[in-house]
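Colleague: So in my numbering, the last one in the sequence shown is 382, and the numbering has no gaps at all.
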Amino acid sequence: MGSEGTSQKDVLTEQDISKVISQEFPSDVTAGKKILVLTPDTTRTCPLPMMIRLLHDKIRNSAARLDYMVALGTHTPLSDEAILKLYGISAKERQAVFKNTQFLNHRWDLPDTLARIGWIEEKKIEELSEGRLKERVPVDINKAIFDYDLIIVLGPVFPHEVVGFSGGAKYLFPGISGGEFLHSFHWLGAVVTCPGTIGIKHTPVREVINQAMCLVDVEVRCLAMVVKNQDELFGLCSGDCKEAWSLAADISAKVHIIVKDRPYKTVFGVCPSMYDEIWTGGKVMYKLEQVVADDGKLIIYAPHISDISRTWGHYMEKVGYHVRDYFLEQPDKFPDIPRGVLAHSTHVRGIGRMIDGVEHPRIEVVLASAIPEE
């Protein structure tokens, strides 16, 4: 297990990072192996170009094959040019250093790309949801992973609204999983609620992910980044996927969670430009909900956003934004709406109550964007 950087004052040098990669992936470990690296897309902050360069330089001469897949979940697929930009690879490098490398998008929406490897049983889902959900969840995964001997998860670890802390096995589930698992995963997180999940290490959704991981019979290792900013790392943890993620989550809890001594009546949240639709820009709400006082107001300032979601917007127009119990009290109201959409709806609306059929959200959420009012 490699780990570098463990406090808020530590920032890793490129030499530190290279050392961790070399210790985790010596030539005798990678020699002759077909290796697939799973990475985030443009919605995650990390020094991905540097990490890709260091990892590729270390492994490419010993591995029989070294490819990369963007673990998109249900996010929009990237063009070849966008993937190269994400990874910081020039056209010249693509034809030279990366000439034998494949760059892949996960496509959850193409059934032929998936393989079913098992189920999460109804009893487990009922237990984790405290009786609110009773269902058997299929575990599908991108079948391309079975063409490889080793999977490397390369991604950051942050407090996360659905799973507690992102990263680790989340790059497989739901990063490269099927739609049914993905929607169940997000809906379970919504039922538990964002305040009951974000920044908490051991959550019901993380337990589901860990159970799904037990069904994967390909070796999975992890390089879990704890990010300071787009170009620097507080920490890098390597090794077994679950253990590396666990160490990184502990560091993330120290450096990424800010505790205030009081809540605020009005909070102005600026949406980063990297989020180009409310589907991802809603993270402003997820990160700030708990610092807003009861009956307070959160303003999501996103003047650059003109779409709710390019993939799911037509569903959101039917559903709108509601508190969790709006859906739990009338489960048959939206039978044809994917539950990942319902999860987004209630995460952005926030926690609240239903009293005599009327919604009472805890706080008011105001969206200041380029989306027309109508």
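Quick reminder that beta carbons are idealized off the backbone N, C-alpha and C, glycines included. These numbers come from a predicted model, not from an experiment.
(1) Write down the C-beta distance between His83 and Asp49 rounded to the nearest angstrom, noting that I regard them as a contact closer than 8 Å.
(2) Cβ of Thr43 within 8 Å of Cβ of Leu158?
(3) Could you give the DSSP three-state label for Gly13: helix, strand or coil?
(4) Following the continuous beta strand (DSSP E) through Glu381, name the residue where it begins and the one where it ends.
(5) If you compare alpha carbons, which of Ala177, Pro343, Asn69, Ser185 is closest to His114?
(6) Is it right to say Ser281 is buried, meaning 16 or more other beta carbons lie within 10 angstroms of its own, or is it exposed?
(7) Would you list, in sequence order, the uninterrupted beta strand (DSSP E) runs of no fewer than 3 residues that lie entirely inside the stretch 300 to 340?
(8) Taking the runs of the alpha helix (DSSP H) that are 4 residues or longer, which of them lie wholly in the stretch 226 to 292?
(9) Verify whether the separation of the beta carbon atoms of Phe276 and Ile313 is less than 8 Å.
(10) Specify whether the stretch 291 to 311 and the stretch 330 to 345 touch according to this definition: at least 3 beta carbon pairs, one from each stretch, less than 8 Å apart.
(11) Can you tell me the Cβ-Cβ gap for Cys245 and Ala177, rounded? I've got them flagged as a contact below 8 Å.
(12) How would you write the range of the beta strand (DSSP E) that Gly360 sits in, first residue to last?
(13) Rounded to whole angstroms, what is the Cα-Cα separation between Gln298 and Glu22?
(14) CB-CB under 8 Å to Val19, same chain, minus the five flanking residues each way: which ones, in chain order?
(15) To the nearest angstrom, how far is the alpha carbon of Glu134 from that of Glu285?
(16) Quick check on Ser15: buried or exposed, where buried means 16 or more other Cβ atoms within 10 Å of its Cβ?
(17) Going by other Cβ atoms of all chains shown within 10 Å of its Cβ, with 16 needed for buried, is His322 buried or exposed?
(18) Using 8 Å as the threshold, is the C-beta distance between Trp195 and Arg347 below it?
(19) Using DSSP bridges, identify the partner residues of Val374.
(20) Alpha carbon to alpha carbon, what distance is there between Asp65 and Thr288?
(21) When you compare the CB positions of Glu169 and Gly197, do they come within less than 8 Å of one another, or not?
Modeller: To lay it out plainly:
(1) Confirmed, about 6 Å.
(2) What sits at residue 43 in the sequence shown is Ile, not Thr. Yes, Cβ-Cβ distance for Ile43 and Leu158 is below 8 Å.
(3) Bear in mind that a pLDDT of 46 at Gly13, under 50, signals an unreliable position, so the number given afterwards is only what the model happens to contain. Coil at Gly13, not helix or strand.
(4) Counting along the chain, Glu381 falls outside any beta strand (DSSP E), and DSSP gives it neither H nor E.
(5) That would be Ser185, whose Cα lies nearest to the Cα of His114.
(6) Label assigned to Ser281: exposed.
(7) Every beta strand (DSSP E) of 3 residues or more that sits fully in the stretch 300 to 340 is shown, in chain order, as 300 to 310.
(8) Counting only runs of 4 or more, we get 249 to 263, 286 to 289.
(9) Between Phe276 and Ile313, the C-beta gap is not smaller than 8 Å, which leaves the two residues out of contact.
(10) They do not touch, by the three-pair rule.
(11) Not quite, the Cβ-Cβ distance comes to about 14 Å (not below 8 Å), so this is no contact.
(12) From DSSP, the beta strand (DSSP E) with Gly360 extends over 360 to 363.
(13) Here the C-alpha atom of Gln298 lies approximately 36 Å from the C-alpha atom of Glu22.
(14) Result list for Val19: Gly13, Lys236, Glu240, Leu241, Phe242, in chain order.
(15) If I take the Cα positions, the gap works out to 33 Å.
(16) Reliability of the predicted coordinates at Ser15 is poor, the pLDDT of 45 falling under 50, and no value is obtained from them.
(17) His322 is classed as exposed because its beta carbon has fewer than 16 other beta carbons within 10 Å across all chains shown.
(18) Cβ atoms of Trp195 and Arg347: closer than 8 Å.
(19) When beta bridges are read from the DSSP output, Val374 appears opposite Ile307.
(20) In this structure, the straight-line span from the alpha carbon of Thr288 to that of Asp65 is close to 33 Å.
(21) Contact: yes.
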